[in-house]
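*Asks:* Under the numbering used here, the sequence shown has 81 at position 77, and the numbering climbs by one with no breaks.
Backbone N, C-alpha and C fix where the C-beta goes; we use that ideal spot for every residue, glycine too.
So that we are looking at the same thing, I have put the structure below in structure tokens.
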Amino acid sequence: IIHRDLKPGNLAINPDCELKILDFGLARQAVSEMTGYVVTRWYRAPEVILNWMHYTQTVDIWSAGCIMAEMLLGKPLFKGNDHLDQLREIMKITGTPTPDFVVKLQSQDARNYIRSLSKVPKKDLHFVFSKASSNAVCVLEKMLLLDPECRASASEALELPFFSEFRDVEEETEALPYDQTLDNADLPLDQWKRHTFTEILTFRPPRDPRETSL
Numbered sequence: 005i006i007h008r009d010l011k012p013g014n015l016a017i018n019p020d021c022e023l024k025i026l027d028f029g030l031a032r033q034a035v036s037e038m039t040g041y042v043v044t045r046w047y048r049a050p051e052v053i054l055n056w057m058h059y060t061q062t063v064d065i066w067s068a069g070c071i072m073a074e075m076l077l078g079k080p081l082f083k084g085n086d087h088l089d090q091l092r093e094i095m096k097i098t099g100t101p102t103p104d105f106v107v108k109l110q111s112q113d114a115r116n117y118i119r120s121l122s123k124v125p126k127k128d129l130h131f132v133f134s135k136a137s138s139n140a141v142c143v144l145e146k147m148l149l150l151d152p153e154c155r156a157s158a159s160e161a162l163e164l165p166f167f168s169e170f171r172d173v174e175e176e177t178e179a180l181p182y183d184q185t186l187d188n189a190d191l192p193l194d195q196w197k198r199h200t201f202t203e204i205l206t207f208r209p210p211r212d213p214r215e216t217s218l
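Structure below.
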């Protein structure tokens, strides 16, 4: 599942530092083609801007990296005024893409646009985040890579030294693979109504632990 709109406004945290991700309205399964115009601009991965219809879960990793960068800087890292300006802001940090990255772009227009840009060197993130620890910067270096195929996965990022003092592996849970059988089913309207009614009838909201039993 790809959330597709991770940003500070879609994160909630309680006094116990428990984090919840909100607003799954744009969430989708990872498929070959998807809507291009997703993710609030400042947290939008470069492949969404360049490829539009072709991207994977790595767009969420990029967004998470942008959020972490904002926490360290106290302001958004990439603050573009439109989608092309957003791309330019990204490249001020990452540098212009390598030829190996450009050939992976499926859009000829995107390839031509990138090749037309002036060469910009990559910035040292340790300089950009001079007040952050080396381990924190290492996380950003793994998450904010232009090439989504080189970007760290969530599980790989968690293995980085920065998270060692915060992790409790015994408390971590791994979500089961999403069962899309019903989503792909071609059923008559009456059966869909029956499924919906059954779901409503059997739904039990999670109990608030603050409530006392009667």
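Which one or two residues does DSSP pair with residue 15 in a beta bridge?
*Replies:* Sequence index remark: in the sequence shown, residue 15 carries index 11 (1-based). Answer is 25.
*Asks:* Which full runs of the alpha helix (DSSP H) of 4+ residues lie inside the stretch 117-195, going along the chain?
*Replies:* You should have 129-132, 138-147, 158-162.
*Asks:* Can you tell which of 51, 163, 85 has its C-alpha closest to the C-alpha of residue 115?
*Replies:* Stepping through the sequence shown from its first residue, residue 115 is reached at position 111. The residue with the shortest Cα to Cα distance from residue 115 is 51.
*Asks:* Taking 9 Å as the threshold (C-beta atoms), are residue 148 and residue 73 in contact?
*Replies:* The residue you call residue 73 lines up with position 69 of the sequence shown. The residue you call residue 148 lines up with position 144 of the sequence shown. Yes, the Cβ-Cβ distance between residue 73 and residue 148 is below 9 Å.
*Asks:* Hey, how far is the Cα of residue 85 from the Cα of residue 23?
*Replies:* As a first step, residue 85 must be located in the sequence shown, where it is residue number 81. As a first step, residue 23 must be located in the sequence shown, where it is residue number 19. Computed Cα separation, rounded: 29 Å.
*Asks:* Looking only at its chain, what residues have a beta carbon closer than 7 Å to the beta carbon of residue 143, apart from the 5 residues adjacent to it on each side?
*Replies:* Residue mapping note: residue 143 aligns to position 139 of the sequence shown, counting from 1. Taken in chain order, the residues that qualify are 72, 161, 164, 166.
*Asks:* What is the residue span of the alpha helix (DSSP H) that residue 63 lies within?
*Replies:* As a working mapping, residue 63 is identified with position 59 in the sequence shown. Its alpha helix (DSSP H) spans residues 62-77.
*Asks:* Give me the Cα-Cα distance between residue 188 and residue 123, rounded to the nearest whole angstrom.
*Replies:* Mapped onto the sequence shown, residue 188 falls at position 184. Mapped onto the sequence shown, residue 123 falls at position 119. Rounded to the nearest angstrom, the two C-alpha atoms are 46 Å apart.
*Asks:* Kindly indicate which three-state DSSP category residue 100 falls into: helix, strand or coil?
*Replies:* If you number the sequence shown from 1, residue 100 lands on position 96. Correct three-state label for residue 100: coil.
*Asks:* Quick one: what does DSSP say residue 200 is sitting in, helix, strand or coil?
*Replies:* As a first step, residue 200 is located in the sequence shown; it is residue number 196 there, counting from the start. DSSP places residue 200 in helix when its eight states are reduced to three.
*Asks:* Using the beta-carbon count (16 or more within 10 Å), is residue 119 buried or exposed?
*Replies:* One-based indexing of the sequence shown puts residue 119 at position 115. Result: exposed.
*Asks:* So, helix, strand or coil for residue 20, using DSSP?
*Replies:* To locate residue 20, count along the sequence shown from 1; it is residue 16. DSSP places residue 20 in coil when its eight states are reduced to three.
*Asks:* Under 9 Å, do residue 66 and residue 48 count as touching if we go by C-beta distance?
*Replies:* For the purposes of this step, residue 66 is taken as residue 62 along the sequence shown, with counting starting at 1. For the purposes of this step, residue 48 is taken as residue 44 along the sequence shown, with counting starting at 1. Cβ atoms of residue 66 and residue 48: closer than 9 Å.
*Asks:* Excluding sequence positions up to five away, which residues of its chain have a Cβ less than 7 Å from the Cβ of residue 31?
*Replies:* For the purposes of this step, residue 31 is identified with residue 27 of the sequence shown, where counting begins at 1. Counting only Cβ-Cβ distances below 7 Å, and skipping sequence neighbours, we find 5, 6, 7, 8.
*Asks:* If the criterion is Cβ atoms closer than 9 Å, does the pair residue 27 and residue 18 meet it?
*Replies:* On the sequence shown, residue 27 is found 23 positions in, with the first residue counted as 1. On the sequence shown, residue 18 is found 14 positions in, with the first residue counted as 1. No, the Cβ-Cβ distance between residue 27 and residue 18 is not below 9 Å.
*Asks:* Whose C-alpha, out of 104, 200, 108, is nearest the C-alpha of residue 54?
*Replies:* Position 50 of the sequence shown, counting from 1, holds the residue named residue 54. Out of 104, 200, 108, 108 has the C-alpha closest to the C-alpha of residue 54.
*Asks:* So, using beta-carbon positions, are residue 129 and residue 68 closer together than 9 Å?
*Replies:* Counting from one through the sequence shown, the residue named residue 129 turns up at place 125. Counting from one through the sequence shown, the residue named residue 68 turns up at place 64. Taking 9 Å as the Cβ cut-off, residue 129 and residue 68 do not qualify as a contacting pair.
*Asks:* Could you give the C-beta distance for residue 140 and residue 76, rounded to a whole number, given that I count them as a contact under 8 Å?
*Replies:* On the sequence shown, residue 140 is found 136 positions in, with the first residue counted as 1. On the sequence shown, residue 76 is found 72 positions in, with the first residue counted as 1. Confirmed, about 6 Å.
*Asks:* Which residues mark the beginning and the end of the alpha helix (DSSP H) in which residue 55 is found?
*Replies:* Within the sequence shown, numbered from 1, the residue matching residue 55 stands at position 51. Looking at the DSSP string, the run of the alpha helix (DSSP H) that includes residue 55 is 50-55.
*Asks:* Express the C-alpha separation of residue 110 and residue 191 in angstroms, rounding to a whole number.
*Replies:* Within the sequence shown, the letter at position 187 stands for residue 191. Within the sequence shown, the letter at position 106 stands for residue 110. Taking the straight line joining both Cα atoms gives about 35 Å.
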